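2 protein chains.
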Amino acid sequence: MVTIDDVAKKAGVSKSSVSRVLNENFEYMSEEMKEKILNAIEELNYTPNSLAQSLKKKKTQVIGIILSDISNPFWAEVLKGVQDECNKNGYGLMVSSSNEDPETEKDNLLMLRSRQVDGVIVNTTGSNLDLFKSLLGERFPFVLLDRSLGGINADTVVVNNVEGVKQAIQFLIDQGHRRIGIVLHTLGNRSPRIERLEGYKQALISNNMAIDESLIKICNLSRGNGIKATEELLSLQKRPTAIFATNEMLNLEVLTGIKKCGLKVPDDISVIGYDDFPWIPLLDPPLSTVAQPAYEMGVKAAALLISNIKRKRKRRPQIIQLEPQLVIRNSCQPPKR
Amino acid sequence: MVTIDDVAKKAGVSKSSVSRVLNENFEYMSEEMKEKILNAIEELNYTPNSLAQSLKKKKTQVIGIILSDISNPFWAEVLKGVQDECNKNGYGLMVSSSNEDPETEKDNLLMLRSRQVDGVIVNTTGSNLDLFKSLLGERFPFVLLDRSLGGINADTVVVNNVEGVKQAIQFLIDQGHRRIGIVLHTLGNRSPRIERLEGYKQALISNNMAIDESLIKICNLSRGNGIKATEELLSLQKRPTAIFATNEMLNLEVLTGIKKCGLKVPDDISVIGYDDFPWIPLLDPPLSTVAQPAYEMGVKAAALLISNIKRKRKRRPQIIQLEPQLVIRNSCQPPKR
DNA sequence: ATGAAAGCGCTAACAG
DNA sequence: CTGTTAGCGCTTTCAT
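Protein chains in written order, with numbering that gives the first Met the number 0: chain W, 0 to 336; chain P, 0 to 336.
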């Protein structure tokens with residue numbers, strides 16, 4: 000491995016001077032010296048060891064991100080946004096996954112901090128309150144992404160979930176639906192889930208409709224439960240005329256459940272889903288969804304984090320709220336009499 | 000920040016001793032000292048600075064991965080495999096994206112190397128031959144993923160593309176199809192694309208069928224070109240009775256193109272796609288595809304890289320070839336007379 | 001304008 | 001069994 004000393008020797012100068020050109024401190028440097036050093040670097044094909052630089056400078060130019068599930072296309076898209084923004088600003092990115100497990104989230108957070116990342120973005124499981132508080136205390140920069148944390152006043156990027164759901168439900172109500180089912184994953188401390196349920200309730204209430212608990216299905220994350228929940232909804236005495244699916248996985252499971260019951264969307268039942276993807280228009284039928292600006296979420300989160308890292312004086316936490324958008328396709332129609 | 004010196008002071012010992020417990024060199028250490036140090040660590044809530052450790056040990060316990068496109072669900076799944084394997088082995092992961100651009104790939108490779116990652120996994124653009132050769136020369140560990148590189152004899156994880164396509168095409172031929180279109184993205188140096196076209200040709204040849212160049216559509220990567228290619232295929236004098244789409248994006252575009260022409264799958268035309276996802280069964284119609292073991296690819300690549308990093312003596316490059324699987328759904332049927 | 005020297009936080013001989 | 005010492009590769013005062 001070629002080091003700064005090799006370059007210094009080759010150019011016949013001190014390593015301080017080499018360091019100066021590495022850091023582009025050309026102010027008090029003769030053109031000649033600059034040339035000599037640049038040449039030596041070139042000839043030796045030298046690249047500085049970031050580890051040593053970071054150790055000295057006390058910053059790594061690397062940020063970390065902890066995602067609940069990378070294989071979810073939604074998060075993949077968010078990740079791309081983060082990636083692009085990091086690239087633009089010369090930051091490296093360490094990616095890790097909590098798999099929705101608080102312990103793993105904690106381990107990852109600690110791991111990233113011990114690796115001295117300059118900050119982290121986290122799509123939190125909603126636990127580890129103490130850890131986040133202590134991070135806040137030691138002024139370790141982080142931004143909460145998609146899921147906010149009660150009691151933690153930190154930089155946050157979220158989407159307006161209440162509003163997204165209200166629009167979707169209102170659309171169904173306007174179409175004449177009176178019995179609307181909703182399928183969610185176990186709320187836990189996940190703010191989006193809580194807010195989506197809240198949006199559902201608000202929409203009904205503001206239309207003077209009663210909330211029928213039997214139409215609210217909360218199932219746990221493991222694959223297949225959304226199908227079961229849908230079947231239960233469909234075998235109700237007074238079956239709903241529309242179902243609202245609250246995330247990518249549930250979109251698919253609700254559709255599957257309906258298919259299994261031998262019903263057709265939208266003739267027999269209307270459906271609206273959450274999150275939009277290139278294949279959604281090609282589903283049978285093309286599904287209406289509440290689209291979230293995934294890529295932009297990533298960009299915004301990374302930009303917020305980086306600006307915070309660069310800022311010397313602390314400013315008070317910022318909350319960025321993005322707006323979702325209801326995309327109507329052919330999966331809803333007025334209920335049959 | 001609390002350092003090893005703080006711990007040493009607190010415990011009233013030398014920092015070498017602290018270092019020993021950090022590295023679990025308990026062999027010649029009194030229980031008492033061990034206790035003292037462990038306590039001090041606990042009380043100070045100390046975590047070692049990985050940067051300093053890495054600088055000294057000359058290894059970071061971090062690997063890098065360069066993907067052509069993270070937002071592609073296929074790669075997201077691969078990434079999950081890599082992630083899990085890294086986690087299992089205590090490695091951190093730096094993720095970057097080349098966006099199919101050789102220059103970006105090169106920059107990322109250099110960036111990762113300067114950050115002293117212990118190795119990298121790369122889904123290469125197919126260029127940068129010289130760089131890879133020089134990496135080989137300096138014994139920098141890397142594994143090529145999904146796409147191999149002619150002239151570079153390195154660790155590689157690939158899927159048997161020729162075989163995957165042959166099975167799909169043979170299935171169509173067995174159903175009675177004689178005019179089978181294929182849509183690919185610009186071959187470039189991407190081995191999978193080259194091999195998939197090769198598989199197509201081999202399948203036809205081994206069935207004594209002529210290769211009709213007008214049935215082979217090669218379009219460039221930007222969104223929408225697959226739709227156009229499909230429309231062209233369908234407006235041919237002697238239109239194909241089946242179309243084979245060779246990747247995730249083309250699956251969607253071929254289906255879209257067919258829809259735009261007002262044709263129905265599989266009644267008017269049969270389709271087989273590439274790569275399998277949870278939503279594929281819910282498409283209209285449920286698409287038959289050649290499924291690749293994405294997650295396993297990631298696991299295998301990471302495992303291969305890590306084993307190589309740990310090995311002191313060099314061994315000759317390994318090539319791991321995984322097998323794809325043809326999944327038949329309702330998108331194919333014998334052509335109408 | 002340039003170089004010498006100290007030190008970032010840690011590990012690993014080597015000594016004792 | 002434990003401590004002293006010399007760096008890892010780089011940046012940054014502080015002299016000159």
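Where a beta carbon is used, it is the ideal one built from N, C-alpha and C, also for glycine.
Note that the coordinates shown come from a computational prediction; the quantities given were computed from them, not determined experimentally.
Could you give the residue range of the beta strand (DSSP E) that holds residue 53 of chain W?
Residue 53 of chain W -> not in any beta strand (DSSP E); alpha helix (DSSP H) instead, spanning 49 to 56.
Run through DSSP, which three-state label would residue 139 of chain P get?
If DSSP states are grouped into helix, strand and coil, residue 139 of chain P belongs with coil.
Identify every residue that forms a DSSP beta bridge with residue 184 of chain P.
P:218
What does residue 160 of chain P touch in chain W if you count any residue whose Cβ is under 8 Å from its own?
Correct list: empty, because the minimum Cβ distance to chain W is about 22 Å.
For residue 75 of chain W, verify whether its CB is less than 7 Å away from any heavy atom of the ligand FMN.
Of ligands this structure carries none, so the ligand FMN is not represented either.
Since residue 50 of chain W meets chain P, which of its residues come closer than 8 Å, beta carbon to beta carbon?
50, 53, 54, 59, 114 and 115
For residue 245 of chain W, the first and last residue of its enclosing alpha helix (DSSP H)
Note, residue 245 of chain W: premise wrong, no alpha helix (DSSP H); not H, not E.
According to the neighbour-count rule (16 or more other Cβ atoms, all chains shown, within 10 Å of its Cβ), is residue 370 of chain P buried or exposed?
Because chain P spans 0 through 336 in this model, residue 370 of chain P falls outside it and cannot be assessed.
Residue 150 of chain W, buried or exposed, once every other Cβ within 10 Å from all chains shown has been counted against 16:
exposed
Partners in chain P for residue 95 of chain W, counting only beta-carbon separations shorter than 8 Å:
82, 86, 91 and 92
Output the distance between the C-alpha atoms of residue 187 of chain P and residue 154 of chain W, rounded to the nearest integer angstrom.
44 Å
Per-residue contacts from residue 75 of chain P into chain W (C-beta, under 7 Å):
69, 70, 72 and 75
Hey, residue 209 of chain P and residue 172 of chain P: beta-carbon distance below 8 Å or not?
no
Spell out a yes or no on whether the stretch 59 to 69 of chain W and the stretch 77 to 95 of chain P are touching, meaning 3 or more CB-CB pairs, one atom from each, closer than 8 Å.
Touching, yes.
So for residue 203 of chain P, helix, strand or coil by DSSP?
helix
Terminal residues of the beta strand (DSSP E) in which residue 288 of chain P lies:
287 to 290
Opposite residue 272 of chain P in the DSSP bridges: which residues?
Answer is P:288, bridged to residue 272 of chain P.
Using alpha carbons as the reference points, say which of W:223, W:192, W:205 and W:182 lies closest to residue 232 of chain W.
Of W:223, W:192, W:205 and W:182, the residue nearest in Cα terms is W:182.
Any beta carbon of chain W sitting closer than 8 Å to that of residue 110 of chain P?
Taking Cβ atoms only, chain W reaches closer than 8 Å to residue 110 of chain P, which makes this a yes.
Under 8 Å by beta carbon: chain P residues contacting residue 47 of chain W
113
Go through its chain and collect everything with a Cβ distance to residue 230 of chain W's Cβ below 8 Å, but skip five positions before and after it.
256, 259 and 260
For residue 218 of chain W, which residues from the same chain have a beta carbon less than 8 Å from its beta carbon, with the 5 sequence-adjacent residues on both sides left out?
182, 183, 184, 185, 224, 225, 227 and 228
Quick one: what's residue 228 of chain P bridged to in DSSP?
The partner list for residue 228 of chain P (beta bridge, DSSP) is empty, contrary to what the question assumes.
Return yes when the Cβ of residue 54 of chain P is within less than 8 Å of the Cβ of residue 51 of chain W, no when it is not.
It is a contact, given that the beta carbons lie within the stated cut-off.
Local conformation of residue 264 of chain P per DSSP, three classes
Note: residue 264 of chain P maps to coil in three-state DSSP.
Residue of W:49, W:146 and W:176 minimising C-alpha distance to residue 115 of chain W
W:49
Among W:265, W:238, W:239 and W:271, which one has its Cα closest to the Cα of residue 246 of chain W?
W:271
Would the stretch 63 to 79 of chain W count as touching the stretch 32 to 39 of chain W if we require 3 or more Cβ pairs under 8 Å?
no
Quick one, which of P:1, P:72, P:56 and P:21 has its alpha-carbon nearest residue 44 of chain P's?
P:1
Closest by C-alpha distance to residue 215 of chain P, when choosing among P:198, P:327 and P:20:
P:198
If we ignore side chains and look at the alpha-carbon of each, how far apart do residue 131 of chain W and residue 7 of chain W end up?
45 Å
Anticipated Cβ contact below 8 Å, residue 285 of chain W with residue 176 of chain W, distance rounded
No, residue 285 of chain W and residue 176 of chain W are not in contact; Cβ-Cβ is about 19 Å, not under 8 Å.
Excluding the five sequence neighbours on either side, which residues of its own chain have a C-beta within less than 8 Å of the C-beta of residue 118 of chain P, listed in chain order?
62, 63, 139, 140, 141, 142, 304, 305, 307 and 308
What whole-angstrom Cβ distance do residue 69 of chain P and residue 78 of chain W have, given they're in contact under 8 Å?
5 Å
Apart from the five residues on each side of it in sequence, which residues of its chain come closer than 8 Å, Cβ to Cβ, to residue 13 of chain W?
If we look at residue 13 of chain W and ignore the five residues flanking it on each side, its Cβ neighbours are 7.
Would DSSP call residue 241 of chain P helix, strand or coil?
strand
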